[in-house]
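Encoded as structure tokens, the structure appears first; notes follow it.
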Amino acid sequence: MEIQSVDAKTLKQWLHGSSEIAVFDVREQGQYGEAHLFLATSVPYSRLEYDVARLAPRKSVRLVVYDNNGAGISVKAAQALLKQGYQDIYLLSGGTQGWLDAGFTLFAGVNLPSKTFGELVEHQCHTPRVSAHEVMKMRQNREDFIILDGRPQGEFKKMSIPGAQCCPNGELAYRIKSHVKNQDTKIIINCAGRTRSIIGAQTLINLGIKNPIFALENGTQGWYLNDYVLDHGKVAQYAPPFVDDEILLASKALVNKFDIPLIADEQFLIWNNDENRSLYLLDVRTAEEFTLNGLPGAQHAPGGQLIQATDQFVGVRNARIVLYDSDGVRAITVASWLKQMGHDVAVLRDGVKSKVSLPTIQIDHSFGCMTIKTDDLNQMYQDDSVTILDIRGSMQYRRAHVPNSLWAIRPKLKEIIRDANQTILMISDDPALTYGALLELDGLNLNIKLYELDGAGFPKELETISTETIPPDLECIDFLFFVHDRHDGNKDAARRYLEWETGLIAQLDQDEINLYSIQ
Numbered sequence: 001m002e003i004q005s006v007d008a009k010t011l012k013q014w015l016h017g018s019s020e021i022a023v024f025d026v027r028e029q030g031q032y033g034e035a036h037l038f039l040a041t042s043v044p045y046s047r048l049e050y051d052v053a054r055l056a057p058r059k060s061v062r063l064v065v066y067d068n069n070g071a072g073i074s075v076k077a078a079q080a081l082l083k084q085g086y087q088d089i090y091l092l093s094g095g096t097q098g099w100l101d102a103g104f105t106l107f108a109g110v111n112l113p114s115k116t117f118g119e120l121v122e123h124q125c126h127t128p129r130v131s132a133h134e135v136m137k138m139r140q141n142r143e144d145f146i147i148l149d150g151r152p153q154g155e156f157k158k159m160s161i162p163g164a165q166c167c168p169n170g171e172l173a174y175r176i177k178s179h180v181k182n183q184d185t186k187i188i189i190n191c192a193g194r195t196r197s198i199i200g201a202q203t204l205i206n207l208g209i210k211n212p213i214f215a216l217e218n219g220t221q222g223w224y225l226n227d228y229v230l231d232h233g234k235v236a237q238y239a240p241p242f243v244d245d246e247i248l249l250a251s252k253a254l255v256n257k258f259d260i261p262l263i264a265d266e267q268f269l270i271w272n273n274d275e276n277r278s279l280y281l282l283d284v285r286t287a288e289e290f291t292l293n294g295l296p297g298a299q300h301a302p303g304g305q306l307i308q309a310t311d312q313f314v315g316v317r318n319a320r321i322v323l324y325d326s327d328g329v330r331a332i333t334v335a336s337w338l339k340q341m342g343h344d345v346a347v348l349r350d351g352v353k354s355k356v357s358l359p360t361i362q363i364d365h366s367f368g369c370m371t372i373k374t375d376d377l378n379q380m381y382q383d384d385s386v387t388i389l390d391i392r393g394s395m396q397y398r399r400a401h402v403p404n405s406l407w408a409i410r411p412k413l414k415e416i417i418r419d420a421n422q423t424i425l426m427i428s429d430d431p432a433l434t435y436g437a438l439l440e441l442d443g444l445n446l447n448i449k450l451y452e453l454d455g456a457g458f459p460k461e462l463e464t465i466s467t468e469t470i471p472p473d474l475e476c477i478d479f480l481f482f483v484h485d486r487h488d489g490n491k492d493a494a495r496r497y498l499e500w501e502t503g504l505i506a507q508l509d510q511d512e513i514n515l516y517s518i519q
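At position 68 of the sequence shown the residue is numbered 68 (full-length UniProt numbering), and the sequence of numbers has no breaks.
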């Protein structure tokens, strides 16, 4: 099957048309984050085959891939997608350079459609906000207020505002009445920057919560830019759910206001049999709930993160998105935002009690190669005949790696492994990276052994070394250096990040603004 080309102007028309389209930036995450198309999804070549079925479930979808110039890694990615069964693949002529040459804008950062949406919501809804300095005054005056952190537990643990309670935005409708009993209590929603504070506050306003509600301006970054102390390492526990008639009526009002379809199993089955449309089934509940009784083939997409980073869960524009929960309020609340972002979204009426399913994606990421233990690794890294490849992220490699190991990333693997018939020891902490690397080396007649790390890193008994500048920055194409240390005490980086976020709207053209329909 032939791989076709598309020029930038035609792709721009496709992106703003009504037909389904997936646009994948197949460069590594750091390259993507420096400059990419507004509506592109980051699907690095390093993990392409592992992620693509989840992001683009329909093999006949129109799929465009690109890189810097249209003649590099995008060609290999397109060929890999053909092998995966995708049938309608295009290369963007000239890549990002061709896009610029056509007069279109490239954007820095990640999750652009969602973050830009948050900024537009503030502009159009005039979401009330309060500064860190004003919050400190409220605290000094012993005013009745509560700070709710709209981020997931992991981010809350990294840094949080003293006294704040963790309640991710997708959980607000489900738990707000456990947090706040008095209608006079001021509610302040914070995040690490801006947009989740805005979306969280506006969520409560849209639900008709009568309390005074505010977004904390600039979140935790604004807090420490004012030289206020943040907590670190605080373990969050969610408040219990509390759904009363008032919340149920509020969610019904959202259904009516935003015209959200509530579908039965029969309608889902009809959509699932439609070969001309892509279909996503997303569970917006917590990870614990999803693990307990998620529907077969559903993808876990915590509601707050689905709003904040939609492109990490849905890779096809104009696809059908079906959300579900167990309570009838979380999915509707999240759907109300996705609808305003321009997505074709519905809610499964019976929620977790539904009988629907999608095919489960099964991937043997190890390719059946031998997995070794720590004792074997101790012996192998001292064997000069063994080539040790560490395919973890470049920053993980810098922090700790086995002596004599080489940092490797899939786009560069064949430059490192020039000779067949040798023994390779591969160190990995991510099945997606393992799968991509093994696919890249398949057919080279290599004897590959795999050492898999969990989230805890290398065992203490294993000798490791660190290297601050190896690999050098220019080779760390998987890592986005753009204000990466804004949460680690670099105030200049925090200021630049906030300037970037508030400047997003000004970069949009009219077609990009028209993607949204904010009410």
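From the three backbone atoms N, C-alpha and C, an ideal C-beta is built for every residue, glycine too.
Between the alpha carbons of S60 and W14 lies a distance of about 16 Å.
Here I146 is not near I161, since their CB atoms are 8 Å or more apart. Rounded to whole angstroms, the Cβ separation of L39 and P113 is 6 Å, and the two are in contact under 8 Å. In the DSSP annotation of this structure, S197 is not part of any beta strand (DSSP E); the continuous alpha helix (DSSP H) holding it starts and ends at 195 to 206. Nearest neighbour of A236 by Cα position, chosen from G163, D390, E415, F156, turns out to be F156. Rounded to whole angstroms, the gap between the alpha carbons of D231 and R142 is 20 Å. Taking every protein chain shown into account, the CB of E217 has 16 or more other CB atoms within 10 angstroms, so this residue is buried. When DSSP states are grouped into helix, strand and coil, E20 belongs to the coil group.
Inter-residue distance for S18 and D259 is about 19 Å (C-alpha atoms, whole angstroms). Scanning Q308, Q140, P240 for the CA closest to the CA of G193 turns up Q308. Following the DSSP letters along the chain, one finds K186 in no alpha helix (DSSP H) but inside the beta strand (DSSP E) bounded by residues 186 to 190. When the alpha-carbon of V65 is set against those of Y516, F107, I21, D101, the nearest one is in I21. Secondary-structure assignment with DSSP links L148 through a beta bridge to Q165, I189. Counting C-beta pairs with one atom in each stretch, the stretch 285 to 299 and the stretch 350 to 358 have three or more that are closer than 8 Å, which means they touch. In this structure L292 is exposed. Its beta-carbon is surrounded by fewer than 16 other beta-carbon atoms within 10 angstroms.
In this structure, V6 is the residue among V6, D442, M136, N182 with its C-alpha nearest to the C-alpha of I89.
If only complete runs of 4 or more residues are kept, the stretch 62 to 145 shows the alpha helix (DSSP H) at 73 to 83, 95 to 101, 112 to 125, 132 to 140, in order along the chain.
Taking a C-beta distance under 8 Å as the contact criterion, Q84 and E49 qualify as a contact pair.
Here the C-alpha atom of G109 lies approximately 18 Å from the C-alpha atom of D473. Annotation note: the UniProt domain "Rhodanese" (275 to 361) contains the following uninterrupted beta strand (DSSP E) runs of length 3 or greater, listed N- to C-terminal: 279 to 283, 320 to 324, 344 to 348.
Distance from the CA atom of Q221 to the CA atom of M341, rounded to whole angstroms, is 26 Å. The alpha-carbon separation between P471 and S394 amounts to approximately 7 Å. Short of 6 Å from the beta carbon of I505, and not among the five residues preceding or following it, lie these beta carbons of its own chain, in chain order: E119. As a beta-bridge residue in DSSP terms, E452 pairs with S428.
For L11 and D511, the gap between their C-alpha atoms comes out near 13 Å. With a cutoff of 8 Å on beta-carbon distance, I321 and H343 are scored as near each other. A residue is called buried once 16 or more other Cβ atoms fall within 10 Å of its Cβ, and L450 is buried on that count. Less than 8 Å divides the Cβ of G95 from the Cβ of G70. For L216, the enclosing beta strand (DSSP E) has its first and last residue at 213 to 216. Under DSSP, W407 forms a beta bridge with D390. By the Cβ neighbour-count rule, T360 is exposed, with fewer than 16 other Cβ atoms within 10 Å of its own. A contact between stretches requires three or more CB pairs, one per stretch, nearer than 8 Å, and the stretch 328 to 338 meets this requirement with the stretch 193 to 209.
At a Cβ-Cβ threshold of 8 Å, A239 and R330 do not count as neighbours. By DSSP's assignment, S160 forms a beta bridge with D231. In the three-state reduction of the DSSP assignment, S517 falls in the coil class.
Boundaries of the beta strand (DSSP E) harbouring Q4: 4 to 6, taken from the DSSP string.
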